[in-house]
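Q: Below are the structure tokens for one structure; questions will follow.
Residue numbers (my numbering): 151 to 180.
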């Protein structure tokens, strides 16, 4: 099962150069 499309990526958060992986969209689909 590919869950990568359910994880949102937020570039430059909280600092420039950091990619924050937001799993709340993954949890909403559960």
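From the three backbone atoms N, C-alpha and C, an ideal C-beta is built for every residue, glycine too.
For residue 153 and residue 162, I'd like the C-alpha separation in whole angstroms.
A: Translated into positions along the chain shown, residue 153 becomes position 3. Translated into positions along the chain shown, residue 162 becomes position 12. Whole-angstrom Cα-Cα distance: 22 Å.
Q: Roughly how many angstroms separate the alpha carbons of residue 155 and residue 167, rounded to a whole number?
A: Taking the chain shown and counting its residues from 1, the one referred to as residue 155 is at position 5. Taking the chain shown and counting its residues from 1, the one referred to as residue 167 is at position 17. The alpha-carbon atoms of residue 155 and residue 167 are separated by roughly 21 Å.
Q: Looking at the structure shown, is residue 172 part of a helix, part of a strand, or coil, going by DSSP?
A: Taking the chain shown and counting its residues from 1, one reaches residue 172 at position 22. In this structure, residue 172 counts as strand in the three-state DSSP scheme.
Q: Look up residue 160 in the DSSP assignment and give the residues it is bridged to.
A: The sequence position of residue 160 within the chain shown is 10, counting from 1. According to DSSP, which records beta bridges pairwise, residue 160 is partnered with 170.
Q: Is the beta carbon of residue 172 less than 7 Å from the beta carbon of residue 160?
A: For the purposes of this step, residue 172 is taken as residue 22 along the chain shown, with counting starting at 1. For the purposes of this step, residue 160 is taken as residue 10 along the chain shown, with counting starting at 1. Yes; because the gap between Cβ atoms is below 7 Å, this pair is in contact.
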